[in-house]
């Protein structure tokens, strides 16, 4: 009896997880050479320089989360009362443990919103259920901490979705007149 491979089975998830570790995935020097016309030594020394300089952290996969059934990306903007220190610390702890939240950062803008979060979930209902169970039921004082909350569900079609790396490379090329 042959086992059916699935993208979300234990073996494939182990492989994907390992690909995120530093020094597991290395660039294909020959492909870079064919694409750029540069010598292998130049490519290797350039990569070493960029890694040492802190420009490249790692090489890894870009996983399409929608292929796993996570069809909803959420942008959540909060106005939090930072004087509610204990509630804020507990909120940050819960966010750190939450695999659905892949980014949380302070935000500065023209209004009073001061925290941005990015999540992935299967659907709106699972997002709201998860928020209540993992935050509102667990953190005393959360209602005092969060003064305003705006939630945006990112929908298809995406008119543009490129990696930030592509953007910065193209911006720098444009600034230097290399395009």
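In the working numbering, the protein residues as written are 1 to 179. All C-beta atoms in this analysis are idealised placements derived from N, C-alpha and C, irrespective of residue type, glycine included. Fair warning: this is a prediction, and the values are worked out from it, not measured in the lab.
Residue 77 holds the alpha-carbon nearest to the alpha-carbon of residue 111 among 134, 133 and 77. Separation of residue 65 and residue 59 (C-alpha to C-alpha, rounded to the nearest whole angstrom) is 18 Å. In this structure, the alpha-carbon of residue 51 lies about 20 Å from that of residue 35.
A Cβ-Cβ distance of about 6 Å is found for the pair residue 24 and residue 18, placing them in contact under the 8 Å criterion. The Cβ-Cβ distance between residue 116 and residue 75 falls below 9 Å.
Taking C-beta atoms as the reference points, residue 118 and residue 104 count as a pair closer than 9 Å.
Bounds of the alpha helix (DSSP H) holding residue 166 are 164 to 176.
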